[in-house]
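> Below is the structure I would like to discuss, written out as C-alpha cells.
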Amino acid sequence: MHTLSVSALGDALRRGEVSSVELTAHFLDRIKTHDRTLNSFITVTDDIALADAARADERRRDGSDNPLLGIPIAHKDIFCTRGVRTSCGSRMLDTFIAPYDATVVKRLRSGGAVMLGKTNMDEFAMGSSNQTSWYGPVRNPWDISRVPGGSSGGSAAAVAAGLAPIATGTETGGSIRQPAALTGLTGLKPTYGRVSRYGMVAFASSLDQAGILARSAEDIALSLGAIAGHDPNDSTSVNRPVEDYTKTLESDLSGLRIGVVKEQFGHGLDSEVGAIVQDAISTLERLGVSLVEISLPNSALAIPVYYVVAPAEASSNLSRYDGVRFGHRAAHPVDIEDLFKRSRSEGFGEEVKRRIMIGTYVLSAGYYDAYYLKAQQVRRLICADFAQAFEQVDLIAGPTSPFTAFPIGEKMDDPVAMYLCDMYTAGINLAGLPALSAPAGFAHDLPAGLHLIGDHFREGLLLHVAHQYQRATDWHLKRPLRFP
Amino acid sequence: MAWEAVVGLEIHAQLATRSKIFSGASTAVGAEPNRQACAIDLGLPGVLPVLNEVVLRMAVMFGLATNATIAPCSIFARKNYFYPDLPKGYQISQYESPIVEHGELEVEFDDGSTKCIGITRAHLEEDAGKSVHDLFPSETGVDLNRAGVPLLEIVSEPDMRSAAEAVAYMRTIHSLVRYLGICDGNMEEGSFRCDANVSVRRSGDSALGIRAEIKNLNSFRFVERAIEYEVARQIEILESGGSIIQETRQYDSVTGETRAMRGKEEANDYRYFPDPDLLPVELQSDYIDRVRDGIPELPAAKTQRFMSQYGLGRRDARRLTLSPDTADYYEAVVRASGQPKLAANWITTDLAAALNRDGLEIYRCPIEPTELAALINCIIDGTISGTMAKKVFAAVWRREGDPISIIEKQDLSQVSDPETIDNLVDQVLASHPAQVDQYRAGKTKLLGFFVGQVMKITRGQANPEMVNHALHRKL
C-alpha cells in the first residue's frame, strides 16, 4: 500500500478495497518499524490518526468523496495543531501545545486527510540538512549516513521511505525543493500568498510559504487545491480563485518555451548533477518544448540578499520566545532580564542564535541602510530579472540543488558552505514565485532534482510539465532499497 | 534675561473601536485579566495580525479634521524591544510612513486669543499589555487585555510656550476626538493620555534647548503641573550653571515633581522595519471623500453657529461646545424651551456646578433636557421665581420628581394674584408703621425690608416684581 500514489490509494478507498483505518494502521506500523532509524517524526499521533481515519471511513459511507478523504498525511512540525505539541524542531517549544489549528491543517482535516504525526525539521526551519533540530538529525532513506536536506527533512524522509504517502512542508529559501531533490521526491513551493501562513510558525514572513512533498506531480495536484486559497486570517494571502490543478495535467507540452539559465550551470554545480539536469531538460525538449537560453544577471546575489532579509525578519519574529507566556523558561530567574536572556540562551540552538544575531545586526541603527535597505533594493533587481525572463519563456528549468545528499556532520562547522545549498532556490522565495523539484536521476547513487520555476500563480503549469516529464520517465517511481 | 518654555505633546488617544486593531478580541474595559486576549494578542506562534478597517477610518477623520495630509500609502512597522507585557517582542506601529502628517489646529486660550499649533503626524499603533506588581507578593503578573487596543498617537510640533498653552491644546484635541466619535476621552481609564516634551531657552533664541520627556500624564491638571515644575527645574539648573540632560522623566502627582526614570529604554535601538505580515495601506481618494462626508460639525464651526443662531457670547458658546454631549444637551433644552439665553445660563452655571460637584459627565446628568426646559418655562410664565427655580432644580437633581410635579407637590408656585399681593403688602405696612414713616421721610433703602417681610409670610413664593410694584404704589 505504501508504494501506491495518492490517486491510487484514493481509488482503492473508493472501491472499498481498503479502509482508511486499515491504511492508517499500515502507515503507523511502518513508522513504528522504520522511524527509529530515520528519526523523521517528532510526534506520532496514533490516536488522532485512527480517529480521523474512522471518521473519514464514516464520511465515505455517508457518500462523501474527495481526493484526500481518508488519505494519511504527515505535517511538518512547524504547523500549529490543536492539542498536539508543535515544537518547530526547537527546545524552545518542546512543551508547547498549540491551542489552534493552522489554516493548512484545518483545510486538510476538513478535506478528510488523516494526520499521522508531526515531522522533524531544522530548528525554526533554519537549516538545509535537518541537523539543527533539537530532536536530532534525520537520516536520508537512500543512504542513512547522509542528510535528507532541510528544513523539511522529516517530511521528505518520511515520504521517501514510505512512512507517509504525502506530507506538508514549508519553505523560506528552498526548504521543500532541496529536501525533495535530495530524497527523490516531488516538492512544490507555491506562489507567495497562494497558501495561508496562519498557524505556521514564522521564520521570515515575507518569504515563508507552505507546500507539499509527494511522490509525484499528480499527487501534489490532487492535494494543492485543498490548501490553496485566500484566508482572511492572513493579510498576505491572495484573494484569487484556486484552479483545479488536476485538470491541466494531461495536455501535451508542444509550444511551451522553457528557459535555461546559463548562470546556473557554472561554478559550484556538481558535474554529475549538472549532466542529469541537462538530460532532463533534453527530455522536455523531446516532449515538445522549445528551449531558450536566458540570463538572470543578479542571481549570484540571491544568497547574500537572502541571508540579510531572512535573518532580519527572523530576529523580530523570534522575539516572542521570551519565556514569559509559553515555551522554555529558565529556572529560578533573578530578574526579568535574566529570565529573557537565559530562556533564550537555553531554548535556542546555535544556528538560530547565529541568525538572530545577524538579523539584529542588519536592522541596527547605523547598519540598516547598508544591509537591510540595500538587500531590499537588490531583491527588487532579482524580481525584475525574473519578470524579464517570463516575458520570453513560460517556465525556467535548472538544477534544484548544486549537489546530492551529503554526510551527516558535514558543513555544520561551515555555515557559508551550508548556505550555498540554497543557491538555486532562495532567489525564487525572494521573488515570491512558484517552483517545484522533480526527481531526474541519480548522481553518485543519490537522487538529483530538476528545478522548474514558474511565473506568479503558474502552479498549474509547473505541475503539468512535471507530470508530463514523469509520464516519460520513471525516476519518481524509484524507491530506496532499505525501506521496501 | 527671561526664559521661554518650549513644549510639544505626544497624545495617545485610544480609538473607540469594539475590537482590537489586529484581532477580533473585545476592547471593553473591566474584564478579568487576560480574558480579552486572544491567540493573536498573546503573540502565540503562527498567529498573524489583520488590520481592523475601522481604525483607518478614524485616523483619516482625525487627519481631515486637522487639515492634514492623508498618506495615500502608509506602512506599519515593527518597533522591537523586550518587555514582559509586550507579547510579540515588538509593537506594531507606524514609523517612516504614518497615515496622517502636517496637520494644524487652532487653539483658543482663556483670554480669547488664539494660536495655531502644528501637528507633525498622527500614526496608528497597538497598545501593550500591563504589568501588575501588586497582585502577588514576590512576582509580577501580566494582563494582556489591553494588548492590541488601537491607539492614535498625535505628535505636535514644539509650538507651545507655556503649561497653560499645552493644556489648552490638549483640551482642544480632547474635544475634537470626542466630536469625531473616535475616542471616548476617558482619562481615568487611560483612553486619553500624553507625554510632554519640555525644554527651555533664552527668550529670543531660535535654537531649541535640550528636552526632557515626561511620560504618561493622564489628566489636564497633571499636564499643567508637571510642565510648570519641569520648566522651573530646568531654569534653575541652567541659571546655576548646570546643563540639562536629555532623559525620560516621570511625574509624581503626590509631590507634584518630575523625576528621572530608571530607564534602559533610552539606550534602546528599536530596529524599526516594515512589518512583512501587513500590506501597505493604500487609500483611494473616493474612500477619503466618503470619510469626509461622515465628519460631524466640529467645535469651531459649532461655536460660530451657536453665536449667530442663538445670540450667545463667544465665551458661553465655547463652553457649550466643548463636548458634543454638552452641545447636544443645550440644543435639546433650546428646542423644548425656545429660550437660548436662559438655557445657556442654566447649563453653564447651576447644571455645570452640580455635575462638577457630583463628578458626573453630562451624558449621565440626572436632569433630562426636557425637564430643564420645563423649569425654564415655569420661570418665563411666572409660575415660579428664580429663587424658587433653584430649589426645584435641586429637587429634580435628587430625582424627587419632574419640575411640574415638584412645584405642585411642594406648593412652590409663585403668588402672582394682584389682589392677594395687595392684601399682603397692606398687612406688612400696617404692622410696621415706624418703618413706613422712616421710608416716607426719605430712607428708601427700606424697600428691601418690606419686600423681605412679604417674602417671609409667603415663604418666598410672592412674585417679587409684583410686590415691588405694589409697595411703590402704596408707599
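Line by line, the protein sequences are chains A and B. Numbering follows this note's numbering, in which position 476 of the first sequence is assigned residue number 975; successive positions increment by one, without gaps. Numbering follows this note's numbering, in which position 448 of the second sequence is assigned residue number 519; successive positions increment by one, without gaps. Heads up, the beta-carbon is just placed ideally off N, CA and C, and yes, glycines get one too.
Between the C-alpha atoms of residue 771/A and residue 939/A, what's the straight-line distance to the nearest angstrom?
Approximately 12 Å, taken between the alpha carbons.
> Could you tell me whether the Cβ of residue 812/A comes closer than 7 Å to any Cβ of chain B?
Yes, residue 812/A counts as interfacial toward chain B.
> Residues in its own chain within less than 6 Å of residue 317/B by CB, not counting five upstream and five downstream?
The residues are 281.
> Taking C-alpha atoms, which residue in 325/B, 313/B, 270/B, 274/B lies nearest to residue 292/B?
Looking at the Cα atoms, 325/B is the closest of the given residues.
> Where does residue 594/A land, buried or exposed, given buried means 16+ other C-beta within 10 angstroms?
When all chains shown are included, residue 594/A counts as exposed.
> Check whether the Cβ atoms of residue 109/B and residue 99/B sit closer than 7 Å, and answer yes or no.
Taking 7 Å as the Cβ cut-off, residue 109/B and residue 99/B do not qualify as a contacting pair.
> Throw me the rounded Cβ distance for the residue 533/B and residue 495/B pair, which I believe falls under 8 Å.
Yes, residue 533/B and residue 495/B are in contact; Cβ-Cβ is about 7 Å, under 8 Å.
> Just to confirm the assignment: which complete beta strand (DSSP E) runs, minimum length 3, are found wholly within the region 133-159 of chain B?
147-151, all fully within the region 133-159 of chain B.
> When the distance is taken between beta carbons, is residue 824/A closer than 7 Å to residue 842/A?
In this structure, residue 824/A does not lie closer than 7 Å to residue 842/A by Cβ.
> With a Cβ-Cβ cutoff of 7 Å, do residue 934/A and residue 881/A count as a contact?
Not a contact, by the Cβ cut-off of 7 Å.
> The beta strand (DSSP E) spanning residue 321/B covers which residue range?
Note, residue 321/B: beta strand (DSSP E), 318-323.
> So for residue 335/B, helix, strand or coil by DSSP?
With a pLDDT of only 48 at residue 335/B, under the threshold of 50, the placement of this residue in the model should not be trusted, and no figure is reported.
> How close, in whole Å, do the beta carbons of residue 468/B and residue 425/B come, if the pair is a contact with beta carbons under 8 Å?
Indeed, because the Cβ distance is near 6 Å, the residues count as touching under 8 Å.
> Please report how far the alpha carbon of residue 74/B lies from the alpha carbon of residue 235/B, in whole angstroms.
The straight-line gap from Cα to Cα measures roughly 16 Å.
> For the alpha helix (DSSP H) that contains residue 580/A, what are its first and last residues?
Note, residue 580/A: premise wrong, no alpha helix (DSSP H); not H, not E.
> Give the secondary structure of residue 535/B by DSSP, where H, G and I count as helix, E and B as strand, and everything else as coil.
In this structure, residue 535/B counts as helix in the three-state DSSP scheme.
> Alpha carbon to alpha carbon, how far is residue 319/B from residue 137/B? Give it in angstroms, no decimals.
Taking the straight line joining both Cα atoms gives about 28 Å.
> For residue 520/B versus residue 542/B, is the C-beta distance shorter than 7 Å?
Against a cut-off of 7 Å, the Cβ pair of residue 542/B and residue 520/B comes out as no contact.
> In angstroms with no decimal places, state the Cα-to-Cα distance between residue 252/B and residue 224/B.
About 16 Å.
> Between residue 862/A and chain B, is any beta-carbon pair separated by less than 7 Å?
Interface residue, yes.
> Please determine if the region 156-175 of chain B and the region 123-131 of chain B are in contact, where contact requires at least 3 C-beta pairs separated by less than 8 Å.
A contact exists between the region 156-175 of chain B and the region 123-131 of chain B.
> Give me the Cα-Cα distance between residue 450/B and residue 456/B, rounded to the nearest whole angstrom.
So the two alpha carbons sit approximately 6 Å from each other.
> How many Å lie between residue 736/A and residue 693/A at the Cα?
Taking the straight line from one Cα to the other gives about 6 Å.
> So, with DSSP's three-state summary, where would you put residue 107/B?
If DSSP states are grouped into helix, strand and coil, residue 107/B belongs with coil.
> Nearest-angstrom Cα distance between residue 463/B and residue 478/B?
Spanning the two alpha carbons is a distance of roughly 7 Å.
> Look up residue 909/A in the DSSP assignment and say whether it is helix, strand or coil.
It is coil, neither helix nor strand.
> What's the C-alpha gap between residue 360/B and residue 140/B?
Spanning the two alpha carbons is a distance of roughly 13 Å.
> Please decide whether residue 169/B counts as near chain A, where near means a Cβ-Cβ distance under 7 Å.
Cβ-Cβ to chain A under 7 Å: no for residue 169/B.
> Check whether chain A comes within 7 Å of residue 121/B, counting only Cβ atoms and requiring the distance to be less than that.
Answer yes: the Cβ-Cβ gap between residue 121/B and chain A drops below 7 Å somewhere.
> Return the CA-CA distance between residue 919/A and residue 951/A, expressed in angstroms with no decimal places.
In a straight line, the C-alpha of residue 919/A is about 19 Å away from that of residue 951/A.
> Closer than 7 Å, CB to CB, is residue 114/B near chain A or not?
Yes, because at least one Cβ of chain A sits closer than 7 Å to the Cβ of residue 114/B.
> Work out the CA separation of residue 657/A and residue 976/A for me, nearest whole Å.
When rounded, the distance between both Cα atoms is 15 Å.
> Taking buried to mean at least 16 other C-beta atoms within 10 Å of its own C-beta, is residue 763/A buried or exposed?
Residue 763/A is buried by the Cβ-count criterion.
> In chain B, what lies closer than 8 Å to residue 731/A by C-beta?
Neighbours of residue 731/A on chain B, chain order: 121.
> Where does the unbroken beta strand (DSSP E) through residue 265/B begin, and where does it stop?
Taken as a continuous stretch (DSSP letters only), the beta strand (DSSP E) holding residue 265/B covers 263-273.
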